[in-house]
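Just so you know, the sequences run in chain order S and L. The number in the numbering used here is simply the position in the first sequence, starting from 1, with 787 added. The number in the numbering used here is simply the position in the second sequence, starting from 1, with 787 added. No residue lacks a Cβ here, since even glycine has one placed at the ideal position from N, Cα and C.
There are 2 protein chains.
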Amino acid sequence: MTKVGFIGLGIMGGPMAANLVAAGYEVAGYNRSQPKVDKLIAEGGKGARSVAEAVDDADVIVTMLPDSPDVESVVLGDDGVLAHAREGALLIDCSTIRPDVSRQVAEVAAKQHVQALDAPVSGGEKGAIDGALSIMVGGEADAFAAAGGVLDAVGKTVVHVGPAGSGQTVKAANQLIVAGNIGLVAEALGFLEAHGVDTDSAFQVLGGGLAGSKVLDAKNAGMRARQFQPGFRIELHHKDLGIVQSAARDAGVSTPLGSLVSQLMAAAVAQGDGSLDHSGLFRQIARLNGTE
Amino acid sequence: MTKVGFIGLGIMGGPMAANLVAAGYEVAGYNRSQPKVDKLIAEGGKGARSVAEAVDDADVIVTMLPDSPDVESVVLGDDGVLAHAREGALLIDCSTIRPDVSRQVAEVAAKQHVQALDAPVSGGEKGAIDGALSIMVGGEADAFAAAGGVLDAVGKTVVHVGPAGSGQTVKAANQLIVAGNIGLVAEALGFLEAHGVDTDSAFQVLGGGLAGSKVLDAKNAGMRARQFQPGFRIELHHKDLGIVQSAARDAGVSTPLGSLVSQLMAAAVAQGDGSLDHSGLFRQIARLNGTE
């Protein structure tokens, strides 16, 4: 039986680990807070008391951590994943982090004869629970082939997009487009409301044409009703747009619209809206218009 | 038999008039250039030698003109549509123009006992030929009801969105969102290419998630291949973004992303790309990145 060490049993990692248990993997889970480990044990997994215990004899190690510094510490640190992983193990990092950190992880792992993939996910808590995540995978083709069973147990659309770091790059592009689309729908709503248009009918016809998007479909009703329960929080999207800006700078490209929406998102955080759903960016547009 | 006077038999108006003929209306068409009138006659319509002749005894008058000044001249001018329309006629202006001009048309029409609707369309030449346009209609509810048969003969999604001018407002919001979505997909492509990602796979996974949009689906392959045959030309989208900016100013709202993409589109026109498809905005992003 394939042994999986799973580090990071949060909102996303918890249900992903449970889906691996359900798919027949022997999963040893570790999390800094014990209740999340206890939950995995109740779901049929094993609990680990340290990173070392989770990964020592694992064939596959999955990490799902909040941000780049967490991966640097938990994966690359002195008592971290790569200090304890056995030769020949496969590391799948599902965290959304900077592409350069993913490339560094892959390089350090290779020196220790561990294959590494960056495999950030999209689809939110519901996608994680349903095992229906979209997963953008960077790394070597043979490592991607070896990861098939594990990734298929947690994702529905699993695509290999290029060498190490490429998964993060595509995730960054995803967050760039999503943030921009939210900003555009928010601007359109402010514009339509100011003109006294029936916005329900308007978004119906807009969604049926070339202006249609997943963001428009998923978020326009909430914006119209000023309902911004997360969902995916502004403060996390703000973090991800920092990755976009940093990765764009590293690659020597400009992203004018991405840069502007990043500033709007930063202002939303500064105004205390960080815990709202990212569609709450509408409030920042409304503030600009004096209608908030 | 309902008599329709149709002014403006261009790329969009021509097939719309032909669809009205096919639906059983008696259509008298007028265009400044005679060959387009001859084409309508060959399709079973009648030719008119002047605006006056087209509209004198029409029950319904449809106008499909390039821009606000054309509507001001052809509809409101001394020898124009409203100088000749009979009392009780219905005027449907399908041009994409400024909302304030549409409101002015409705006011002047009302004084002459003509009902007016602004009914800009979306869906391009193909939608016009197929009678499958999306139509955003502003004006009085009873006028919208009276226009049903005519609009259904040329459109598939026909939605009443509010009082006079509202159709233009929604069309402006449509053009704002579409331009922004094109800009975001273009930025994402530049970013992904600079990082050496497999962009075909990347857009496959991006399109399946929250970043998915009609623009991404319709335009990413063309951008990747640098194929920018129109389609909808940059110079027309540039014109429409002028309407967006003017209408936003009138309503006292700001559209930061719309404003930025409007500047990028203006630069594309300035660089000589006005006749390309609007997805050719990618070239402007590539110029910023020194990769054009």
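Task: Rounded Cβ spacing between S882/S and V992/L (contact assumed at less than 8 Å) - done: In the first sequence, residue 882/S corresponds to position 95, counting from 1. In the second sequence, residue 992/L corresponds to position 205, counting from 1. 17 Å between Cβ atoms; not a contact.
Task: Cα-Cα separation, P907/L to V1048/L - done: Position 120 of the second sequence, counted from the first residue, corresponds to residue 907/L. Position 261 of the second sequence, counted from the first residue, corresponds to residue 1048/L. Roughly 22 Å between the two C-alpha positions.
TODO: Could you spell out the range, first to last residue, of the alpha helix (DSSP H) harbouring H1024/S?
DONE: The count along the first sequence starts at 1 and reaches residue 1024/S at position 237. Where H1024/S is concerned, the enclosing alpha helix (DSSP H) stretches over I1021 to A1038.
Task: Short Cβ contact (8 Å threshold) for G875/L with F1019/L - done: Locating residue 875/L in the second sequence gives position 88, counting from the first residue. Locating residue 1019/L in the second sequence gives position 232, counting from the first residue. Result no, Cβ atoms of G875/L and F1019/L do not sit closer than 8 Å.
- [ ] Using a Cβ cut-off of 8 Å (strictly closer), state whether A809/S contacts chain L.
- [x] As a first step, residue 809/S must be located in the first sequence, where it is residue number 22. Not closer than 8 Å to any Cβ of chain L, the Cβ of A809/S fails to qualify, so no.
- [ ] Run down chain L in chain order and give the residues with a C-beta less than 9 Å from the C-beta of P1017/S.
- [x] Working through the first sequence from its first residue, we reach residue 1017/S at position 230. In chain order: nothing, as chain L lies at least about 14 Å away.
TODO: Could you check what DSSP says for A815/S in three-state terms: helix, strand or coil?
DONE: Residue mapping note: residue 815/S aligns to position 28 of the first sequence, counting from 1. The answer is strand: DSSP assigns A815/S an E or B state.
Open item on the list: Residues of the stretch 980 to 1005 of chain L in Cβ contact with chain S at a cutoff of 8 Å, in chain order, please.
Closed with: A981, H982, G983, V984, D985, S988, A989, Q991, V992, L993, G995, G996, L997, A998, G999, S1000, K1001, V1002, L1003 and A1005
- [ ] With a 10 Å radius around its C-beta and 16 neighbouring C-beta atoms as the bar for buried, classify K913/S as buried or exposed.
- [x] In the first sequence, the residue the question calls residue 913/S occupies position 126. Exposed, by the Cβ-count rule.
Task: Outcome for Q902/L when other beta-carbon atoms lying within 10 angstroms are tallied against a minimum of 16 - done: Here residue 902/L corresponds to residue number 115 of the second sequence, with the count starting at 1. Per the 10 Å Cβ criterion, buried.
Open item on the list: Under DSSP, the beta strand (DSSP E) around D887/S begins and ends at which residues?
Closed with: For the purposes of this step, residue 887/S is taken as the residue at position 100 of the first sequence. Premise fails: D887/S lies in the alpha helix (DSSP H), P886 to K898, not in any beta strand (DSSP E).
TODO: Assign Q1016/S to one of two classes, buried (16 or more other C-beta atoms within 10 Å of its C-beta) or exposed (fewer than that).
DONE: For this step, residue 1016/S is matched to residue 229 along the first sequence. Answer is exposed; the Cβ neighbour count stays below 16.
- [ ] Measure from the alpha carbon of K943/L to the alpha carbon of each residue in I916/L, D854/L and G949/L, then state which is nearest.
- [x] Taking the second sequence and counting its residues from 1, one reaches residue 943/L at position 156. Here the closest residue by C-alpha is I916/L.
TODO: Take every Cβ of the stretch 1055 to 1068 of chain S, pair it with every Cβ of the stretch 995 to 1015 of chain S, and state whether three or more of those distances are shorter than 8 Å.
DONE: yes
TODO: Return the residue from the list D865/L, Q891/L and V838/L that minimises the CA-CA distance to R819/L.
DONE: Here the question's residue 819/L lines up with position 32 in the second sequence. Checking every option, the nearest Cα to that of R819/L belongs to V838/L.
Open item on the list: Just list the residues that DSSP pairs V908/S with in beta bridges.
Closed with: What you label residue 908/S is simply residue 121 of the first sequence in a count that begins at 1. For V908/S, which the question treats as bridged, DSSP gives the partners I922/S.
Open item on the list: Measuring only the C-alpha atoms, how far is M1010/S from A975/S?
Closed with: Against the first sequence, residue 1010/S aligns to sequence position 223. Against the first sequence, residue 975/S aligns to sequence position 188. Each residue's Cα considered, the two are about 11 Å apart.
- [ ] Verify whether the separation of the beta carbon atoms of A845/L and Y817/L is less than 8 Å.
- [x] Your numbering for residue 845/L matches position 58 in the second sequence. Your numbering for residue 817/L matches position 30 in the second sequence. Contact flag unset, no.
Open item on the list: Quick check: is the beta carbon of H947/L nearer than 8 Å to any beta carbon in chain S?
Closed with: The residue labelled residue 947/L in the question sits at position 160 within the second sequence. Yes, H947/L counts as interfacial toward chain S.
TODO: Let me know the secondary structure DSSP gives L1051/S once reduced to three states.
DONE: Along the first sequence, read from residue 1 onward, the residue named residue 1051/S stands at position 264. The answer is helix: DSSP assigns L1051/S an H, G or I state.
Task: Three-state secondary structure assigned by DSSP to G967/S - done: Residue numbering aside, residue 967/S sits at position 180 when the first sequence is read from its first letter. In this structure, G967/S counts as helix in the three-state DSSP scheme.
TODO: Can you tell me which of S1000/S, V946/S and Q1032/S puts its alpha carbon nearest to the alpha carbon of S988/L?
DONE: Counted from its first residue, the second sequence places residue 988/L at position 201. Nearest of S1000/S, V946/S and Q1032/S to S988/L, Cα basis: V946/S.
Task: T850/L, enclosing beta strand (DSSP E) - first and last residue - done: By one-based count along the second sequence, residue 850/L stands at place 63. Where T850/L is concerned, the enclosing beta strand (DSSP E) stretches over V847 to T850.
TODO: Could you tell me whether any Cβ in chain S is nearer than 8 Å to the Cβ of A893/L?
DONE: Indexing the second sequence from 1 puts residue 893/L at position 106. Not an interface residue.
Open item on the list: Which residues does DSSP list as the beta-bridge partners of H947/S?
Closed with: Locating residue 947/S in the first sequence gives position 160, where the first residue counts as 1. In DSSP, H947/S forms a bridge with V924/S.
Task: Near-chain L residues of the stretch 881 to 907 of chain S - C-beta to any C-beta below 9 Å - done: P886
Open item on the list: Tell me the DSSP secondary structure of D987/L in three-state form.
Closed with: Locating residue 987/L in the second sequence gives position 200, counting from the first residue. It is helical.
Open item on the list: For T956/S, would you say it is in contact with chain L, using Cβ-to-Cβ distances shorter than 8 Å as the test?
Closed with: Counting from one through the first sequence, the residue named residue 956/S turns up at place 169. Closer than 8 Å: yes.
Task: Cutoff 8 Å: V972/L Cβ touching any chain S Cβ - done: On the second sequence, residue 972/L is found 185 positions in, with the first residue counted as 1. Chain S contact via Cβ: present.
Open item on the list: Give me the DSSP bridge partner(s) of V791/S.
Closed with: Taking the first sequence and counting its residues from 1, the one referred to as residue 791/S is at position 4. According to DSSP, V791/S bridges with V814/S and V847/S.
Task: Local conformation of I1094/S per DSSP, three classes - done: The requested residue 1094/S does not occur in the structure, where chain S is confined to residues 788 to 1079.
TODO: Return the CA-CA distance between S860/S and A973/L, expressed in angstroms with no decimal places.
DONE: Numbered from 1 along the first sequence, position 73 holds the residue referred to as residue 860/S. Numbered from 1 along the second sequence, position 186 holds the residue referred to as residue 973/L. Cα-Cα distance, rounded: 35 Å.
TODO: Note down the Cα distance separating G792/L from V868/L, rounded to an integer number of angstroms.
DONE: As a working note, residue 792/L is residue 5 in the second sequence. As a working note, residue 868/L is residue 81 in the second sequence. So the alpha carbons of these two residues sit roughly 10 Å apart.
- [ ] Specify the secondary structure class of L1081/L as computed by DSSP and reduced to three states.
- [x] With chain L covering 788 to 1079 only, the question about residue 1081/L has no answer from this structure.
Open item on the list: On the criterion of 16 or more Cβ atoms from any shown chain inside 10 Å, does R885/L qualify as buried, or is it exposed?
Closed with: The residue labelled residue 885/L in the question sits at position 98 within the second sequence. Result: buried.
Task: Distance between beta carbons of D905/S and A951/S, contact taken as under 8 Å - done: Position 164 of the first sequence, counted from the start, is the residue given in the question as residue 951/S. Position 118 of the first sequence, counted from the start, is the residue given in the question as residue 905/S. Yes, they are in contact, since the Cβ atoms of A951/S and D905/S sit about 6 Å apart, within 8 Å.
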